[in-house]
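What follows is a single structure, written as structure tokens, with notes after it.
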Amino acid sequence: MHTVLARLDEPPALAAVGIGIHGPAGRVDEFELPELWQFHLYGYDADLAVAGTRHTIRPGRISLIPPGTKSRYVYRGRSEHLYVHLRLAARGTPRSLPVIQDAGHEAAALEAQLLQALNAWPHTPARATAEVWAALWRVVELAGRRSAGGPPSSGRPGHPAVAAAAALIEARLAEPLTVPEIARAVGISHNHLTRLFRSATGETVVGYIRARRMERARHFLLATTMSIPAIAASVGIPDLQAFNKACRKELGAGPRAVRAAHPVRWTPGASDGSARR
Numbered sequence: 254m255h256t257v258l259a260r261l262d263e264p265p266a267l268a269a270v271g272i273g274i275h276g277p278a279g280r281v282d283e284f285e286l287p288e289l290w291q292f293h294l295y296g297y298d299a300d301l302a303v304a305g306t307r308h309t310i311r312p313g314r315i316s317l318i319p320p321g322t323k324s325r326y327v328y329r330g331r332s333e334h335l336y337v338h339l340r341l342a343a344r345g346t347p348r349s350l351p352v353i354q355d356a357g358h359e360a361a362a363l364e365a366q367l368l369q370a371l372n373a374w375p376h377t378p379a380r381a382t383a384e385v386w387a388a389l390w391r392v393v394e395l396a397g398r399r400s401a402g403g404p405p406s407s408g409r410p411g412h413p414a415v416a417a418a419a420a421l422i423e424a425r426l427a428e429p430l431t432v433p434e435i436a437r438a439v440g441i442s443h444n445h446l447t448r449l450f451r452s453a454t455g456e457t458v459v460g461y462i463r464a465r466r467m468e469r470a471r472h473f474l475l476a477t478t479m480s481i482p483a484i485a486a487s488v489g490i491p492d493l494q495a496f497n498k499a500c501r502k503e504l505g506a507g508p509r510a511v512r513a514a515h516p517v518r519w520t521p522g523a524s525d526g527s528a529r530r
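Residues in the sequence shown are numbered from 254 upward in steps of one, following the numbering used here.
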């Protein structure tokens with residue numbers, strides 16, 4: 254077994270978080286967790302076989318082993334790792350991840366997150382869950398960077414330049430954006446970004462920007478009482494005629510009609526200005 258499919262759209266359910274110490278009681282461990290995933294961050298050298306496939310453990314490597322999978326560890330002395338036993342959601346987008354990979358420069362951040370989870374568990378399980386969930390997403394990003402240039406397995410930009418461009422777009426939706434400007438910001442050529450973006454997302458950079466702007470506009474129209482001019486400006490389309498045209502094209506109706514279909518109602522007497530649907 255070299256890869257697993259993990260669904261992370263919902264937070265994991267933790268069963269145990271701890272530090273495992275192996276080796277002194279015996280050089281070999283063979284076991285499986287019938288119903289739980291194993292998430293490990295290693296601090297030692299050893300050999301690991303997962304469902305018969307051999308892997309090498311080194312300090313700073315991480316593994317994610319699915320339920321019901323036989324694991325065989327061969328230790329070389331005292332061996333200590335951080336572990337989490339958990340359940341993952343059965344629904345959501347499946348993301349292909351290596352069974353074991355080198356965390357590299359992310360190892361310290363992953364260790365910090367898992368130690369935070371350990372400190373919170375079991376007295377503040379929600380905090381522990383949040384830290385482990387964030388650590389798992391860090392592993393997803395790590396795997397995505399390793400497979401840069403190949404087709405995205407997670408349904409989101411996987412190439413580091415595409416991921417950086419998508420993050421820049423999200424942060425600057427309210428500003429004028431051009432493809433050459435974005436390409437310069439992520440350190441590649443205009444044409445290279447265009448090719449990578451189409452390969453990773455199936456659409457052009459301009460199309461992606463338009464889709465993100467209109468998704469944010471939809472949110473503001475349906476969930477807030479912001480004025481339409483304010484919404485238009487906040488998504489980088491301050492010209493109201495252009496904004497109306499974009500709404501009709503992308504959302505199927507003008508902004509007033511979109512809002513009228515799902516009006517936001519003010520809660521009487523609300524002192525914080527919050528709205529209730």
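Think of the CB as a built atom: it goes at the ideal place given N, C-alpha and C, for glycine as much as any other residue.
Which listed residue (the options) has its alpha carbon closest to that of residue i
i	options	result
R325	P264, G279 and R344	G279
L449	A427, V439 and V415	V415
A387	E288, F292, A506 and E503	F292
P224	L335, G276 and G321	No information on residue 224 is available, as it lies outside the stretch 254 to 530 that the chain covers here.
G313	A299, G330 and Y295	Y295
P265	A343, L350, F284 and P429	A343
A476	S316, H358, T454 and P508	P508
P375	E359, A268 and N497	A268
T346	T478, E503, M479 and E263	E263
I315	T256, T377, H445 and L504	T256
I310	Q494, Q354, T454 and L421	Q354
R469	T454, L446, G455 and F496	F496
E364	T377, L389 and P378	L389
R463	N444, I422, R307 and E285	I422
Where residue i falls: helix, strand or coil (DSSP)
i	result
A401	Only weak support is given to the placement of A401: the predicted model assigns it a pLDDT of 46, under 50, and the question is left unresolved by the model.
V303	strand
Y297	coil
A513	helix
I490	coil
E428	coil
L335	strand
R311	coil
T454	helix
W290	strand
H472	helix
L261	coil
R448	helix
T477	coil
L344	Note on residue identity: the sequence assigns Arg, not Leu, to residue 344. R344: coil per DSSP, three-state reduction.
A506	coil
G460	helix
T382	helix
S524	Bear in mind that the predicted position of S524 carries a pLDDT of just 37, short of 50, making it unreliable; the figure below should be weighed with that in mind. Coil at S524, not helix or strand.
P320	coil
W390	helix
Beta-carbon proximity check, residue i vs residue j, cutoff 9 Å
i	j	result
G489	R512	no
L289	R340	yes
R348	L258	yes
Y336	V281	no
A424	V439	no
V393	V432	no
P429	A396	no
H515	S452	no
T447	T454	no
Y461	A499	no
Sheet register partners of residue i (DSSP bridge)
i	result
D282	Y326
D355	R314
A269	H338
T256	P351
H443	In the DSSP output, where bridge partners are listed per residue, H443 has none listed.
H412	For H412, which the question treats as bridged, DSSP gives no partner whatsoever.
I274	E333
Contacting residues, own chain, Cβ-Cβ under 6 Å from residue i (five flanking each side not counted)
i	result
I274	E333
E384	Q366, Q369 and A370
A373	R380 and A381
R501	G507
I481	P508
Spatial neighbours of residue i in its chain, beta-carbon cut-off 7 Å, leaving aside the 5 residues before and after
i	result
R329	D298 and A299
S442	A436
P277	R331
S487	A427 and F473
V327	R280, V281, A299 and D300
E359	R391 and L395
L504	M467, R471 and V511
A304	M254, T322 and K323
P319	V257 and W290
Cβ neighbours of residue i in the same chain (closer than 8 Å, five flanking residues each side left out)
i	result
D492	A485
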